[in-house]
Amino acid sequence: MTSDSSEIQVVQEKLAAHGASEAQQESLLTKLANGVAWDAQTGASPTSTISSLVDGYTTTTKLFSDGSYVESRAQLPKPFAISAIEASGPADSVDSCTLGSGVGSFPFSGCHIATDQAFFTIDFFIDGQTSQINQTAVTRAYGLQYTMAGGSVDSSDLVIAKSGGSESLAIGTLYATMYGGGYSQTLTLTAHVTSTITDTSP
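For the sequence shown, the working numbering gives the first residue as 1367, with consecutive numbering after it.
The structure is reproduced here in structure tokens:
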């Protein structure tokens, strides 16, 4: 991020919208200018966590004592219609994010994931497999875009690496690593499945 006043204003507006006081905003901007990580990026415990389900997305906002925040959005897959009656209608999906039929294990694809930490946002899409017992795995992550407060940066040198293993109730934990300008930074986002999956076996 540069010292451009428009970028700083965007960051301040986002912080204020998430409850940061003017003193906290000033402190966070000073940290940012000096390369000091915010609590939202250090693994500190949040002071509060708020979750909601709106328009096919789960949104989880974590607020931290220094005024920083992490807001993560995960698009939930909906199952394709499988009965003879339902099959005559359109597939049940949220935009491109769909859950296919299966026996015990169900493929999902095209699900949008995003995280916002005031001075940057990360967006990407995931494909994977999930099951009735909530064991899920991400098999593909793509379309990564990293955007600073003042606009987009070149995403061609950004890499997504999938973590090993599966996590209960989680689509998966992905590590988006940014390389460029003589630095690298790794950020973690976990997306959770909250919908109930029904076995589609005969």
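The beta carbon of each residue, even a glycine, is placed where N, CA and C say it ideally should be. Note that the coordinates shown come from a computational prediction; the quantities given were computed from them, not determined experimentally.
**Message:** Taking the beta carbon of Gln1375 as the centre, do at least 16 other beta carbons fall within 10 Å, making it buried, or is it exposed?
**Reply:** Against the sequence shown, residue 1375 aligns to sequence position 9. With fewer than 16 Cβ atoms within 10 Å of its Cβ, Gln1375 is classed as exposed.
**Asked** In the DSSP assignment, what are the bridge partners of Ala1389?
**Response** Locating residue 1389 in the sequence shown gives position 23, where the first residue counts as 1. Answer by DSSP bridge pairing: none, since Ala1389 is not bridged.
**Request:** State the DSSP-derived secondary structure class of Val1420, mapped to helix, strand or coil.
**Result:** As a working mapping, residue 1420 is identified with position 54 in the sequence shown. The DSSP-derived three-state label of Val1420 is strand.
**Request:** Can you tell me which of the three DSSP states Val1469 falls into?
**Result:** Against the sequence shown, residue 1469 aligns to sequence position 103. Reduced to three states, the DSSP call for Val1469 is coil.
**Request:** Kindly indicate the opening and closing residues of the beta strand (DSSP E) around Gln1441.
**Result:** Walking along the sequence shown from the start, residue 1441 turns up at place 75. According to the DSSP assignment, Gln1441 belongs to the beta strand (DSSP E) that extends over Tyr1435 to Gln1441.
**CA nearest to the CA of Tyr1435, picked from Thr1408, Ala1399, Asp1421 and Asp1489** = Here residue 1435 is taken as the residue at index 69 of the sequence shown, counted from 1. Of the listed residues, the one whose Cα sits closest to Tyr1435 is Thr1408.
**Prompt:** Which one or two residues does DSSP pair with Gly1494 in a beta bridge?
**Reply:** In the sequence shown, counting from the first residue as 1, residue 1494 sits at position 128. DSSP output for Gly1494 lists Phe1474 and Val1504 as bridge partner(s).
**Prompt:** Nearest to Ser1431 by CA position, among Gln1441, Gly1468, Ser1418 and Gly1385, is which residue?
**Reply:** Reading the sequence shown from its first residue, position 65 is the one you call residue 1431. If we check each option's Cα against that of Ser1431, Gly1385 comes out closest.
**Request:** Kindly indicate which three-state DSSP category Gln1375 falls into: helix, strand or coil?
**Result:** Taking the first residue of the sequence shown as 1, we reach residue 1375 at position 9. The answer is helix: DSSP assigns Gln1375 an H, G or I state.
**Asked** Can you check whether the CB of Leu1510 is closer than 7 Å to the CB of Phe1490?
**Response** Within the sequence shown, residue 1490 is the residue found at index 124, counting from 1. Within the sequence shown, residue 1510 is the residue found at index 144, counting from 1. Against a cut-off of 7 Å, the Cβ pair of Leu1510 and Phe1490 comes out as a contact.
**Item:** Val1480 classed as buried or exposed, judged by whether at least 16 other C-beta atoms fall within 10 angstroms
**Value:** Numbered from 1 along the sequence shown, position 114 holds the residue referred to as residue 1480. Looking at the sequence itself, residue 1480 is Ala, so the reference to Val does not match. Ala1480 is buried by the Cβ-count criterion.
**Request:** Using only alpha-carbon positions, find the residue among Gly1401, Lys1428, Glu1437 and Ser1475 that is nearest to Thr1413.
**Result:** Numbered from 1 along the sequence shown, position 47 holds the residue referred to as residue 1413. The candidate whose alpha carbon is nearest that of Thr1413 is Lys1428.
**Request:** Kindly indicate which three-state DSSP category Ser1449 falls into: helix, strand or coil?
**Result:** Position 83 of the sequence shown holds residue 1449. Low local confidence applies: a pLDDT of 34 at Ser1449 is under 50, so the model's placement there is unreliable, with the coordinate-based value given in what follows. Here Ser1449 carries a coil assignment [DSSP, helix/strand/coil].
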